[in-house]
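When we follow our numbering, the leftmost residue of the sequence shown carries the number 154, and every step to the right adds one.
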Amino acid sequence: MTTKEANEIQEVDYLDKRRAALEEIDNAKFDWFHIRACLVAGTGFFMDAYDIFAVNFASAMLGYVYFAHQNNTVPNNIDLGLKVSASIGTLLGQLIFGWMADRLGRKRMYGIELMIIIVATLGSSVSGDGYAVTVCGTIMFWRVILGFGIGGDYPLSAIITSEFANKKNRGAMMAAVFAMQGFGILAAAIVALIVVASFKNRIQDDVTSIDYCWRLVLGIGALPGLVALYFRLTVPESPRYTMDIERDINQASQDITTVLSTGKYKEREVDEPVVRIDVPKSSWADFGKYFGKWKNGKILVGTAVSWFALDVAFYGIGLNNSIILNAIGFSNDPDPYTSLKNIAVGNIIISAMGTVPGYWFTVLFVDRWGRKTIQLMGFTVLTILFIVVGAAYHQIKNASIALFIVFFTLLQFFLNFGPNTTTFIVPGEVFPTRYRSTGHGISAASGKLGAIIAQVGFSKLKDIGGKNEFVPQLLLIFSAWMFIGLLSSLLIPETKGLSLEELSNEDLFPKEEKEKKERN
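Rendered as structure tokens:
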């Protein structure tokens, strides 16, 4: 036997070992390890959503403390800065952490982003006013850093969950991780209500006591991160990363067996031989070659554009709930305590009836109906709902505030039982291991670009013709973006029931596939 023939046999053995290792992950029984992975990743998303949407309440509270001379309302430009600053940081974090997780490993990056979030959350809650910088300017500074950490959580949590999940439950696992956002949004409203109620007497005696309220609302957001930090730092490295990027087939096989049976990770001994498998390696040239093929490039276009379109509407209304509730007359009470309480109650109703159920309907149906089906369904319904609410805005508002909240709740429901969840899931499945985190980061960053544009647009356009008079037209603009999201979703594949390797559009088992075709 020649050396060449021996190497070919050895390579086939390694490919067989790789196939067996991947099948062990894909066909693993759903057990405590998978639940633990969802809880560890989901806690981060709970915290992310809490921190992002708590600014809804903080902005309203800041108006009473620092802008009493401006009708107790934070000026538009400052309100915009408070809400868009985190999105700017998130966009950068998604791109940078997405790339670094493919270069340096999922395990090495996981936990770092959570530490950034914790520090920035606490920093924003103790921001102060001074001669050189205002309290709102300091909060914006910390929220850019906060957003950078949150941005890292998107690709890392998505990829770690997808790479450890089995084929049967992968969609539900990823959806469950993302669904913790709903509880985070709801928790922010509940905490705001509790804090405001606790300070009721002090607020009625001295409105500046609200300064305690917004600090508590923001600062409490650090607590979930402190609970989850240890588990983030001890999460095992993804065997797919070890196998396909570090190219160590023996270590990956050992990790799969160890992790699935014990939930723990065993480091390779220093003197233990490394057996490397020949699989494609990441590089800028390879990146261009892979995504330069239309069958691969169109998927990245589809995930990026659909997420962009979704976030235009999701953040356009999500971070402006208090403004919309005020515009329909639900929270514009002259008494500060009553107004803040109504903002919190309105958000609790919308979150409890629309946001949270929407996420968990996706968890329930995503592995039955498929990701693409739910995404197309969601964008279609949202296009119709935004047209109805935008075109009949004044009629609905004048007929009944309760009716308007019902429509608004339906919007939140189908945002989450629809593209808000699936645009997170699909990019974590459709790219090869060496670009999975990068691809997810690019797609997510595209979404945050949409969020930034929506925030700037909402802030600059909503008062055309009078205070909040342009809101109906903005809702119609959001309907157009939902239709664009619907069209771009046609570019993505259905990922239900397929392995990550099947979805990567790469044939790493050419000999086996050839033999299979010959037998058929």
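The beta carbon of each residue, even a glycine, is placed where N, CA and C say it ideally should be.
Item: The segment 554–574 / the segment 434–453 touching (three or more Cβ pairs under 8 Å); Value: no
Item: Same chain only: Cβ atoms within 7 Å of alanine 254, ignoring 5 sequence neighbours per side; Value: Met262, Pro308, Leu309, Ile312 and Ser590
Item: Cut-off 8 Å between Cβ atoms - residues of its own chain near leucine 627, not counting five sequence neighbours on either side; Value: Gly469, Gly543, Gly610, Phe611, Leu614 and Lys615
Item: Contact check, glycine 246 vs valine 509, beta carbons under 8 Å; Value: no
Item: For aspartate 364, three-class secondary structure by DSSP; Value: helix
Item: Three CB pairs or more closer than 8 Å across the segment 505–523 and the segment 539–554; Value: no
Item: Per-residue burial, glutamine 404 [other beta carbons within 10 Å of its own, 16 or more giving buried]; Value: buried
Item: Simplified DSSP assignment, three categories, for aspartate 439; Value: helix
Item: Cβ distance (whole Å) where leucine 233 is taken to contact glutamine 608 below 8 Å; Value: 6 Å
Item: 6 Å Cβ shell around serine 596 - same chain, five flanking residues per side excluded; Value: Thr456, Ala457, Trp460 and Pro580
Item: Rounded C-alpha distance that separates tryptophan 185 from isoleucine 205; Value: 30 Å
Item: With 16 other Cβ atoms within 10 Å as the buried cut-off, status of serine 657; Value: buried
Item: Candidates Leu639, Arg393 and Val583: closest to lysine 710 by CA position; Value: Outside the displayed range of the chain (154 to 673) lies residue 710, so it cannot be described from this structure.
Item: Of the listed residues Phe636, Val454, Phe532 and Tyr512, nearest to histidine 593 (C-alpha basis); Value: Val454
Item: Leucine 563: CB within 7 Å of a non-hydrogen atom of the ligand FAD; Value: Because no ligand of any kind appears in the structure shown, any question about the ligand FAD cannot be addressed here.
Item: Terminal residues of the alpha helix (DSSP H) in which arginine 296 lies; Value: 288–317
Item: Beta-carbon proximity of leucine 339 to serine 504, cut-off 8 Å; Value: yes
Item: Coil, strand or helix - aspartate 616 by DSSP; Value: coil
Item: Own chain residues within Cβ distance below 6 Å of glutamine 528, not counting five before or after; Value: Pro572, Thr575 and Ser642
Item: Inter-residue spacing [alpha-carbon to alpha-carbon] between tyrosine 203 and alanine 381; Value: 15 Å
Item: Cβ contact (3+ pairs, closer than 8 Å) linking the segment 633–642 and the segment 616–625; Value: no
Item: Terminal residues of the alpha helix (DSSP H) in which arginine 400 lies; Value: Segment: none, arginine 400 is in no alpha helix (DSSP H) and carries neither H nor E.
Item: At least 3 beta-carbon pairs within less than 8 Å: the segment 210–228 vs the segment 368–377; Value: yes
Item: Reference isoleucine 303; option with closest CA among Arg189, Thr314 and Thr243; Value: Thr243
Item: Length of the line joining the Cα atoms of aspartate 408 and isoleucine 637; Value: 43 Å
Item: Spatially closest choice to glycine 197 from Pro228, Tyr383, Thr536 and Ile363, by CA coordinates; Value: Tyr383
Item: Cut-off 7 Å between Cβ atoms - residues of its own chain near serine 280, not counting five sequence neighbours on either side; Value: Val288, Thr291, Ile292 and Trp295
Item: Of the listed residues Met506, Ala318, Gly531 and Thr491, nearest to isoleucine 356 (C-alpha basis); Value: Thr491
Item: Proline 389 versus Arg189, Ala181 and Gly324, residue with shortest Cα-Cα distance; Value: Arg189
Item: Inter-residue Cα distance where the pair is glycine 374 and threonine 274; Value: 7 Å
Item: Neighbourhood of asparagine 229 by C-beta distance below 6 Å, restricted to the same chain and skipping five residues each side; Value: Ser612
Item: C-alpha gap between asparagine 225 and tyrosine 219, whole angstroms; Value: 8 Å
Item: Whether alanine 341 touches valine 516 by CB criterion (8 Å); Value: no
Item: Closest Cα partner of tyrosine 546 within the set Leu535, Ile343 and Phe560; Value: Phe560
Item: Proximity winner among Asp464, Ile554 and Val583, relative to glycine 603 (alpha-carbon distances); Value: Asp464
Item: Residue burial classification, phenylalanine 331 (beta-carbon count within 10 angstroms, cutoff 16); Value: buried
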